[in-house]
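Encoded as structure tokens, the structure appears first; notes follow it.
Chains as they are written, first to last, in the numbering used here: chain A, 1 to 380; chain B, 1001 to 1380.
Right, dumping it as structure tokens:
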């Protein structure tokens, strides 16, 4: 008997309500019964995204929704700014380049957030040729959060649209789509929204919708012109991932019941407890400033094999956290606290971390992490 | 209390084993645990597809897998033959045209199957310029089955690859991918495979893999070069639809337990009983020859409102069948017998059809359909 615990930045644990919803008999999607479900899901996503913009639900992972934003906004040879502050920022550049977009790449040291002023000067330098600015809200590979509010103010005054990858931030950290002028926000199901992977979301502002009409990149499955026509009739252009959308409504109902502000506060508390706990163990945070409340990256201490640490936690003790990706492989481990995660998940994760660090010969005071986490959780 | 019955050509009813699998706690995809699941799923799909080719699992609906085949095989300006014998054949043309492919369209009267010789002569006329031939195995909108074996023999001897939309046929009617030289076969989860929608499948022959390397159409999410690299490490390039893949293994296990030949025989029996039953009611089949054993299209008799018939069956009696699509709207209704459907599903569906036809004033001998269906089911 070994219970399993999941503290990875996607997928995240599923609430029993979500699991149960997926086990119901399936219904047909071209029926008034499913239309009501789709309407509720769309409205719920608008609440979480804090937007009045159109929101489309795609049968794809988050990367599919990222691609949908590129192919629907741009034409071959267009120029765009891609902010690369980690693996998922790089994905913007990769997608854009695959479609012949001229990318102005802003490279940011991993673990740091982009300086919004850098975006301002790049837009200025390009003399209004920039059609879109692609950024990552919470960079899952590093645990950095981007200052969307500041970037939104800058992009708003240009010809460009602001496109945000909010895949791992949505439902975990505040994202005021309309207030911050985020023209296009893409997200996925398997993070803060507490669902399995398989759904992509994309919200589109009126400014961006104009580009959808004029963009000439080829597209079919991700064509938002088709999706818009269907949405206006509470329909989808192709067969939707019915089961996941039904489950989405369960998750959205839970988020609404808590209230978005309380959901964000919970994430903040989990993140703070995690950060303080690892510091108390003598470990170092990978992100000193601009740390996201969705996921915490921790430096693997000298003399410890980071991949082995993650493997023992998972395969021996049933606690799955994430290792580092790409250039951070073996250098950091990441504890996610997004979605269906509450204080005792953090407690058990820190406890398991202490256990394995101890077994690997790392020197620290056993229980030190748990103690400061408990202190944090005692605060109002 | 009103029980619900689903006899639509996608989604199809889910076996309880599949429902239960989806309600399990989720696991992370970058783990040896999920790798084992992915390997089993890929092998199982090869069994159902009767192929040794690589099979890729996509987080998308079947249309996404169709698009994947187009963008991975072709380059801008390439020529391809698209066989249009219904709504889903038209989709091939639409996708190809969205990507700047020069389409040689073979239009076939709805309700009829394409003559393989027509494909032969078109390939010949085009003087080896045809790169791909796109066909539909079971045309869901009409209920026609295509003679893939004959077409495969023709295309095999040309430069072109044969690309088959087997979305609604796979797991319902025989498809010998390798023996019939089907270079690329695309399918989806919500039909014969007894799963919810959200997974796309694509098998690729060595002949087609060469095109994947040389094709220059832009792609990222559906890029099979990335998928191939990942598959060789039992991985996926992007987050897979974990829950659906776990459920896929349950469905594949059921198919293996029955044996593919028995699964096809069951579908044949269901189809024959359905066809004989509706004929016994004095109705007319939409497809006199080349009728698929996956779905049966029936002409709406004069004086009856076809859409009303479908609506009453569904909303009053809980039995969901499908109406006609596009040009067949109101002119046919379709009873699916694919996937998790057995004789008493057909019996109750025919019974409900009799009930509603009677109520709508259609003249026939009550019970006549059920009687011939029962006779059919008594046969060995």
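We put the beta carbon where it would ideally sit given N, CA and C, even for glycine.
Note that this is a predicted model, so its numbers are computed, not measured.
*Using a C-beta to C-beta distance shorter than 7 Å, which residues of chain B count as neighbours of residue 63/A?*
Here the neighbours are 1221 and 1238.
*Check whether the Cβ atoms of residue 377/A and residue 282/A lie closer than 8 Å to each other.*
Between residue 377/A and residue 282/A, the CB-CB gap reaches or exceeds 8 Å.
*Find the nearest neighbour of residue 1103/B within the set 1370/B, 1301/B, 1133/B and 1116/B, judged by alpha-carbon distance.*
Residue 1133/B is the option with its Cα nearest to residue 1103/B.
*Could you run through the segment 245–276 of chain A and flag, in chain order, every residue whose CB is less than 8 Å away from some CB of chain B?*
Cβ contacts with chain B come from no residue of the segment 245–276 of chain A.
*Does DSSP put residue 139/A in a helix, in a strand, or in coil?*
The three-state reading of DSSP puts residue 139/A in strand, counting E and B together.
*Which chain A residues are close to residue 1006/B, counting only those with a beta carbon under 8 Å from its beta carbon?*
Within chain A, 25, 26, 27 and 28 have C-beta atoms less than 8 Å from the C-beta of residue 1006/B, given in sequence order.
_Distance, residue 1314/B Cα to residue 1321/B Cα_ = Going from the Cα of residue 1321/B to the Cα of residue 1314/B covers about 7 Å.
_Near-chain B residues of the segment 93–107 of chain A - C-beta to any C-beta below 8 Å_ = Residues of the segment 93–107 of chain A whose Cβ lies closer than 8 Å to any Cβ of chain B, in chain order: 94, 95, 98, 99 and 100.
_Using 8 Å as the threshold, is the C-beta distance between residue 1200/B and residue 1188/B below it?_
Cβ distance < 8 Å, so residue 1200/B and residue 1188/B count as in contact.
*Report yes if the CB atom of residue 79/A is closer than 8 Å to the CB atom of residue 123/A, and no otherwise.*
Cβ distance not < 8 Å, so residue 79/A and residue 123/A don't count as in contact.
*Identify the residues that DSSP records as bridge partners of residue 5/A: which are they?*
DSSP output for residue 5/A lists 319/A as bridge partner(s).
*Take residue 379/A as the anchor and find which of 171/A, 194/A and 268/A has the nearest alpha-carbon.*
That would be 268/A, whose Cα lies nearest to the Cα of residue 379/A.
*Report, in whole angstroms, the separation of the C-beta atoms of residue 324/A and residue 330/A, which I expect to be a contact under 8 Å.*
Rounded, the Cβ-Cβ distance is 6 Å, consistent with contact.
*Taking Cβ to Cβ, would you say residue 1216/B is nearer than 8 Å to residue 1075/B?*
Yes.
*Where residue 1188/B falls: helix, strand or coil (DSSP)*: It is a strand residue.
*Using a C-beta cutoff of 8 Å, does residue 190/A count as contacting chain B?*
Proximity of residue 190/A to chain B, defined by a Cβ-Cβ separation below 8 Å, is satisfied.
*Is the segment 1169–1184 of chain B touching the segment 1138–1153 of chain B, taking contact as three or more C-beta pairs under 8 Å?*
Enough Cβ pairs lie closer than 8 Å, so yes.
*Going straight from the alpha carbon of residue 1196/B to that of residue 185/A, what length do you get?*
When rounded, the distance between both Cα atoms is 27 Å.
*Under the three-state DSSP convention, the category residue 1330/B falls into*: Taken through DSSP and simplified to helix, strand or coil, residue 1330/B comes out as coil.
*Do residue 312/A and residue 362/A have their C-beta atoms within less than 8 Å of each other?*
No, Cβ-Cβ distance for residue 312/A and residue 362/A is not below 8 Å.
*asked:* Just to confirm, is the Cβ distance from residue 1227/B to residue 1161/B under 8 Å?
replied: Their beta carbons are not under 8 Å apart, which means residue 1227/B does not touch residue 1161/B by this criterion.
*Kindly indicate if chain A contains any beta-carbon less than 8 Å away from that of residue 1067/B.*
Against chain A, the CB of residue 1067/B has a partner CB under 8 Å away; the residue lies at that interface.
*Quick one: grab the DSSP three-state call for residue 1199/B.*
Note: residue 1199/B maps to strand in three-state DSSP.
*State the Cα-Cα distance for the pair residue 1359/B and residue 265/A, rounded to the nearest angstrom.*
Computed Cα separation, rounded: 58 Å.
*Can you find a C-beta in chain A that's less than 8 Å from the C-beta of residue 1019/B?*
So, interface residue.
_Less than 8 Å between CB atoms is the rule here; does residue 330/A satisfy it with respect to chain B?_
Chain B places no beta carbon closer than 8 Å to that of residue 330/A, leaving this residue out of the contacts.
_For residue 108/A and residue 1231/B, I'd like the C-alpha separation in whole angstroms._
Taken atom to atom, the span from the alpha-carbon of residue 108/A to that of residue 1231/B is near 31 Å.
*With C-beta atoms as the reference, is residue 351/A less than 8 Å away from residue 1239/B?*
Not closer than 8 Å, so no.
_Can you find the residues in the same chain that come closer than 6 Å, C-beta to C-beta, to residue 1053/B, ignoring five residues on each side of it along the sequence?_
Its chain contains 1203, 1204 and 1205 as the residues whose beta carbon lies nearer than 6 Å to that of residue 1053/B, once the 5 sequence neighbours on both sides are disregarded; these appear in chain order.
_Here's the rule I'm using: 16 or more other beta-carbon atoms within 10 Å means buried, otherwise exposed. How should residue 1366/B be labelled?_
Result: exposed.
*Decide if residue 284/A is buried, meaning its Cβ has at least 16 other Cβ atoms within 10 Å, or exposed.*
Residue environment for residue 284/A: exposed (fewer than 16 other C-beta atoms within 10 angstroms of its C-beta).
*asked:* Quick check on DSSP: helix, strand or coil for residue 1079/B?
replied: In the structure shown, residue 1079/B sits in a strand (DSSP, three-state: E or B).
_Given this structure, state the Cα-to-Cα distance separating residue 159/A from residue 1335/B, to the nearest angstrom._
Taking the CA atoms as reference points, residue 159/A sits about 52 Å from residue 1335/B.
*Can the beta-carbon of residue 220/A be found less than 8 Å from the beta-carbon of residue 1084/B?*
Against a cut-off of 8 Å, the Cβ pair of residue 1084/B and residue 220/A comes out as no contact.
*Around the C-beta of residue 1165/B, are 16 or more other C-beta atoms found within 10 angstroms, so that it is buried, or is it exposed?*
Per the 10 Å Cβ criterion, buried.
*Tell me, please, which residues DSSP counts as bridged to residue 59/A.*
For residue 59/A, which the question treats as bridged, DSSP gives the partners 199/A.
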